[in-house]
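Quick note on numbering: full-length UniProt numbering labels position 11 of the sequence shown as 11, and the sequence is numbered without any gaps. Note that beta-carbon positions come from the ideal geometry of N, C-alpha and C, so glycine has one too.
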Amino acid sequence: MVVRTTARREQRGERNHAGTTEQCLVSLSRAIIEAWSSVYILRGKLVHGGDFPHLLVYGPSGAGKKTRIMCVLRELYGAGVERLRIEHQNFVTPSKKKIEIVTVASNYHIEVNPR
């Protein structure tokens, strides 16, 4: 399953050039409703359905990806997901290119961040 998050501008309620404060509030409200609705969908259909597959979440920086996933994980496994460990691993490809992979993990999940 792939979940895509919305743009950062909508979540922060930033005004576009033609917008007013009211439009910003409507935009922010939509972003908040969308964020919570995606958490409820994940929780309802996947967590309580008994079949929780691998999950790939992508979107722009600041769109709430990590917050949504942490909500679902906490619902699934409880407070244990908040005890995190960070590991840095360096690899050298056959073409001599260096790649650093940062992983953040608990006993229940792993987050992989290539740099």
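(Q) With H, G and I counted as helix, E and B as strand and the rest as coil, what does DSSP make of L28? (A) Against the sequence shown, residue 28 aligns to sequence position 28. Residue placement at L28 is poorly supported in this model, since its pLDDT is 48, which falls under 50; the coordinates are not used for a value here.
task: Name the two residues that bound the continuous beta strand (DSSP E) containing T103.
output: Counted from its first residue, the sequence shown places residue 103 at position 103. That run of the beta strand (DSSP E) goes 98-105.
Does R68 come out as helix, strand or coil in the three-state DSSP assignment? In the sequence shown, counting from the first residue as 1, residue 68 sits at position 68. Helix.
Checklist line | Same chain, Cβ closer than 6 Å to V104, five either side skipped, listed in chain order | finding: As a first step, residue 104 is located in the sequence shown; it is residue number 104 there, counting from the start. Cβ within range, chain order: L84, I86, E111.
Legend entry - Per-residue DSSP class, three states only, for R83: Along the sequence shown, read from residue 1 onward, the residue named residue 83 stands at position 83. In this structure, R83 counts as coil in the three-state DSSP scheme.
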